[in-house]
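Below is one structure; the comments refer to it alone.
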Amino acid sequence: MRLGGRGHIDPILAGLKAVLDHHLERGSAGPLGEADRLDGQTCLLTGPSSGLGRVLAGELARRGARLILACRAGHQGLAEELQRESGNREISQRPLDLADLSSVLALCDGLARDGVRLDRVVSNAGVAPARNRLTADGFCELFQVNFLGSFVLLHRLLQDGTLPGRSPAGGATPRILITSSESHRQAPPIDFERFGHFPEFSLLSGTTWYGHSKLYVQTFACELGRRLMRGGRPAVGVFSYCPGAFRSRISREAGLAGKLMTSFFIDPRKAVWPAVYCAVSPALEGRSQLYLYLRHEAQPDARAAAPANGARLWERSLALLASRGLRLDPLPPADA
Ligand SMILES: NC(=O)c1ccc[n+]([C@@H]2O[C@H](COP(=O)([O-])OP(=O)(O)OC[C@H]3O[C@@H](n4cnc5c(N)ncnc54)[C@H](OP(=O)(O)O)[C@@H]3O)[C@@H](O)[C@H]2O)c1
3 MRLGGRGHID PILAGLKAVL DHHLERGSAG PLGEADRLDG QTCLLTGPSS
53 GLGRVLAGEL ARRGARLILA CRAGHQGLAE ELQRESGNRE ISQRPLDLAD
103 LSSVLALCDG LARDGVRLDR VVSNAGVAPA RNRLTADGFC ELFQVNFLGS
153 FVLLHRLLQD GTLPGRSPAG GATPRILITS SESHRQAPPI DFERFGHFPE
203 FSLLSGTTWY GHSKLYVQTF ACELGRRLMR GGRPAVGVFS YCPGAFRSRI
253 SREAGLAGKL MTSFFIDPRK AVWPAVYCAV SPALEGRSQL YLYLRHEAQP
303 DARAAAPANG ARLWERSLAL LASRGLRLDP LPPADA
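Adding 2 to a residue's 1-based position in the sequence shown gives its number in the numbering used here.
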């Protein structure tokens, strides 16, 4: 089913297709059992206060992870709540506001100062505002929260060694998980000459620009996977997934229309499967650059997968940040 021509996403058609896809899904990625656990593994999760992230936090906690919840102000007591629910005492909370790059840097500084070593990072936080708003840093909120803030976060965690690559001596490969969306397929292309520019949009056209932000996200996921290959195997595995359409607070600005539409969507406890699978499945050891839609492996849109676009996205992001006085050290070169 078409969602409108490429470059425009009709929210009603997109929602209907998502509901249908869930019904038709037969799942082929692999088994996920209760024995698949994360005992002793340290996981950082963004957006754990609501929706998919809240359910995923519960799953990671229940499966024994040492869990760091990275969330905005106003969620005091979330770590304790999850401790009570899961019986796992190793859950802590650190502040993160992706709309404020100084907050992203402060989180990375704090983790490095405390000598934290991560085994999993889940970049899950996201927004779908009803209009184009600027952050205090002067970027479109959709662009900064969904993409640029996570770019800085993951780049710094890798650069600082807080998320170390797999040891040459062996051992398990650390993993990065990125919550993407199928909406990236129909979105308008990235204009590299006006990198990060989003036009004015309304509630109806917001879905198109949300999809556009996810095209940035998915292009980043593909490029990150390529850049983290060393000697033919991943130093860090990069996994992205679209969990399908599920009920959450993301459409909170869409009012009654949003409530009505999303009432047909699935429960986040069902939607969380690909994220849990990517975090825990032993079958994914040594794998990377994998994109899941619902429960099956899929190919991201060709524009997101194109190495030339990934390289440009990376360079433009670094240049944009440098123009604001934020210089990130280059990561070690990937395989040729
Ligand atoms: N819902 C769907 O149908 C659907 C489909 C495909 C993909 N996704 C993706 O799934 C992910 C989770 O979304 P959701 O649907 O579960 O929505 P949600 O219930 O609104 O949860 C979003 C999470 O992101 C956090 N967040 C928002 N702005 C932030 C900021 N500036 N800094 C740090 N954290 C921030 C929220 O924190 P607060 O509680 O403080 O707001 C919340 O924890 C997103 O990446 C979304 O794009 C959703």
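Think of the CB as a built atom: it goes at the ideal place given N, C-alpha and C, for glycine as much as any other residue.
All values derive from a computational prediction rather than experimental measurement.
Please determine, among Thr137, Gly35, Tyr293, the residue with the shortest C-alpha to C-alpha distance to Asp102.
When each option's Cα is compared against that of Asp102, the closest is Thr137.
Per the contact definition of three or more C-beta pairs closer than 8 Å, is the region 296-313 in contact with the region 212-228?
Yes, the region 212-228 touches the region 296-313.
His298 lies in the alpha helix (DSSP H); which residues open and close that run?
It is not in any alpha helix (DSSP H) - His298 instead sits in the beta strand (DSSP E) that spans 298-300.
Decide yes or no for the touch test of the region 242-255 against the region 127-142: beta carbon pairs closer than 8 Å, at least 3 of them.
Because the criterion of three Cβ pairs below 8 Å is met, the region 242-255 and the region 127-142 touch.
Reduced DSSP category for Ala259 - H, G, I as helix; E, B as strand; rest coil
If DSSP states are grouped into helix, strand and coil, Ala259 belongs with the helices.
Would you decide whether Ile192 is buried or exposed? Buried here means 16 or more other CB atoms lie within 10 Å of its CB.
Counting the other Cβ atoms within 10 Å of the Cβ of Ile192 gives 16 or more, which makes it buried.
Could you check which residue in Pro276, Ala59, Glu143 has the C-alpha nearest to that of Trp211?
With respect to the C-alpha of Trp211, the residue from Pro276, Ala59, Glu143 having the closest C-alpha is Glu143.
Please state whether DSSP places Gly6 in a helix, a strand or coil.
Confidence at Gly6 is low in this model, with a pLDDT of 48, below 50, so the placement of that residue should be treated as unreliable; the coordinate-derived value is given next. DSSP, read as helix, strand or coil, puts Gly6 in coil.
Taking 7 Å as the limit between beta carbons, can you name the residues of its chain near Leu5, skipping five residues before and five after?
In this predicted model, Leu5 has a pLDDT of only 47, less than 50, meaning its place in the structure is not dependable; the value taken from the coordinates is given anyway. For Leu5, where only same-chain residues beyond five positions count, the Cβ hits under 7 Å are Ile11, Asp12, Leu15, Ala16, Lys19, Gln188.
What first and last residue would you give for the alpha helix (DSSP H) that runs through Phe222?
Boundaries of the alpha helix (DSSP H) around Phe222: 208-229.
What first and last residue would you give for the alpha helix (DSSP H) that runs through Cys142?
Run containing Cys142: none; DSSP gives neither H nor E here.
Please find out if some non-hydrogen atom of ligand 1 comes closer than 7 Å to the beta-carbon of Arg74.
It does: the Cβ of Arg74 is within 7 Å (strictly closer) of some heavy atom of ligand 1.
Using 8 Å as the threshold, is the C-beta distance between Ala63 and Ser88 below it?
The Cβ atoms of Ala63 and Ser88 lie closer than 8 Å to each other.
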